[in-house]
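One structure below.
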Amino acid sequence: MHIKINKLNVPILILIILINAALLLVSCSQSRQGVLGENQDIPAGIQNADSHDEETENSKDLYDYNLLYTYKKISLSDSDKMQKLVSLLQYARELQVDQIIVVEGEESLRIDYFLNLSPGQQYKVDHTKMMADVVILFGLMDKLIAVEYNLVQGGYSYGGVPITREQAEHVIGANIELLCKTEEVFLSEMPQIIANLEWDPDVMDTITYEHVVS
56 MHIKINKLNV PILILIILIN AALLLVSCSQ SRQGVLGENQ DIPAGIQNAD SHDEETENSK
116 DLYDYNLLYT YKKISLSDSD KMQKLVSLLQ YARELQVDQI IVVEGEESLR IDYFLNLSPG
176 QQYKVDHTKM MADVVILFGL MDKLIAVEYN LVQGGYSYGG VPITREQAEH VIGANIELLC
236 KTEEVFLSEM PQIIANLEWD PDVMDTITYE HVVS
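Written out as structure tokens, the structure reads:
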């Protein structure tokens, strides 16, 4: 089949194509400017602040800070309150508390958590979570000078090295007693301190069942 093209219509077709192309370019340019405008309406500082607020909100999920402060200045010898306080910590929600030992005359605390590993299982130690718990304990008990976390099963024990108040303050870069001196300061500052906390003591952080039974 032979197709016949009218030569008079060719310039008109070319003109229509050029007009459509120009309109498409204008439309794309306006769309891009609109997207840029939306981004420019949010200053970088506010974006960072939003991220900062989100981190703080996430850290509030780690602890009930209002409830924690009701244990401010409890005595280490008050075993009932000590058990309740420890139950509010992060590690107590993950592992069963095996025992809480107060070292008389040294103002130090030892908390053992039961691993309960089965053959083929392993446990990843979260040192940041551990340090966060310890910071909370130091904040609520001014006289406490050291906390020892142990992860135990049978005759096996992981830990055994107390974390001192001085060491915890070095990690967070702040005086813990001042952070917790009043409820207002504690509630406003501690969530962000915990959100920013990171601790990697560069030690073995994986416990296997073979470790436990060896």
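My numbering numbers the first residue of the sequence shown as 56 and each following residue consecutively. Note that beta-carbon positions come from the ideal geometry of N, C-alpha and C, so glycine has one too.
Excluding the five sequence neighbours on either side, which residues of its own chain have a C-beta within less than 6 angstroms of the C-beta of residue i, listed in chain order?
{"i": "THR261", "result": "GLN177, LYS179"}
{"i": "MET259", "result": "none"}
{"i": "LEU242", "result": "TYR120"}
{"i": "ASP220", "result": "For the record, residue 220 in the displayed sequence is Arg; it is not Asp. Around ARG220: PHE193, ILE200."}
Pop quiz: residue i and residue j are said to be a contact at Cβ under 8 angstroms. What is the actual Cβ separation, rounded to whole angstroms?
{"i": "SER163", "j": "ALA187", "result": "Contact flag wrong, Cβ pair sits at about 18 angstroms."}
{"i": "ASP181", "j": "TYR168", "result": "Actually they are not in contact, since the Cβ atoms of ASP181 and TYR168 sit about 12 angstroms apart, beyond 8 angstroms."}
{"i": "VAL141", "j": "ILE156", "result": "That belief does not hold up - the Cβ atoms of VAL141 and ILE156 are roughly 11 angstroms apart, past 8 angstroms."}
{"i": "ILE231", "j": "GLU238", "result": "At roughly 15 angstroms, the Cβ-Cβ gap does not stay under 8 angstroms, so ILE231 and GLU238 are not in contact."}
{"i": "ARG172", "j": "VAL267", "result": "First, the amino acid is wrong: residue 172 is Leu here, not Arg. That pair is a contact at about 5 angstroms."}
So, for residue i: in the same chain, excluding its five sequence neighbours on each side, which residues have a beta-carbon less than 7 angstroms away from its beta-carbon?
{"i": "VAL183", "result": "Here residue 183 turns out to be Thr, not Val, going by the sequence shown. Contacts found: LEU252, GLU253, TRP254."}
{"i": "PRO256", "result": "HIS182"}
{"i": "ASP197", "result": "LYS128, GLU232"}
{"i": "VAL189", "result": "VAL202, ILE218, ALA223"}
{"i": "ALA229", "result": "ILE248"}
{"i": "TYR211", "result": "HIS266, VAL267"}
Is the distance from the Cβ of residue i to the Cβ of residue j below 8 angstroms?
{"i": "MET137", "j": "LEU144", "result": "no"}
{"i": "LEU206", "j": "LEU199", "result": "no"}
{"i": "ILE218", "j": "ILE248", "result": "no"}
Do you know whose CA, among the options, lies nearest residue i's CA?
{"i": "LEU150", "options": "GLU244, TYR204, GLU265, VAL216", "result": "TYR204"}
{"i": "ASP116", "options": "SER173, LYS236, MET245", "result": "MET245"}
{"i": "TYR264", "options": "GLY175, GLU161, ARG165", "result": "GLY175"}
{"i": "ILE166", "options": "ILE249, MET185, GLN222", "result": "MET185"}
{"i": "TYR124", "options": "GLY194, VAL189, VAL268, VAL216", "result": "GLY194"}
{"i": "GLN208", "options": "ASP133, ASP135, SER269", "result": "SER269"}
{"i": "TYR213", "options": "LYS236, VAL240, LEU170, LEU234", "result": "LEU170"}
{"i": "MET118", "options": "SER134, ASP135, ASP133, ALA147", "result": "Residue identity differs from the one stated: residue 118 is Tyr in this sequence, not Met. Here the closest residue by C-alpha is ALA147."}
Ordered along the chain, which non-local residues of its own chain (more than five positions away) have a Cβ less than 8 angstroms from that of residue i?
{"i": "VAL240", "result": "LEU233, LEU234"}
{"i": "LYS139", "result": "TYR126"}
Residue ranges of each alpha helix (DSSP H) run of no fewer than 4 residues wholly in the region 201-241, ordered along the chain? The region 201-241 contains these whole alpha helix (DSSP H) runs: 220-227, 231-234.
Can you list, in chain order, the stretches of the beta strand (DSSP E) that have 3 or more residues and sit fully within the region 115-196? 151-158, 163-169, 177-179
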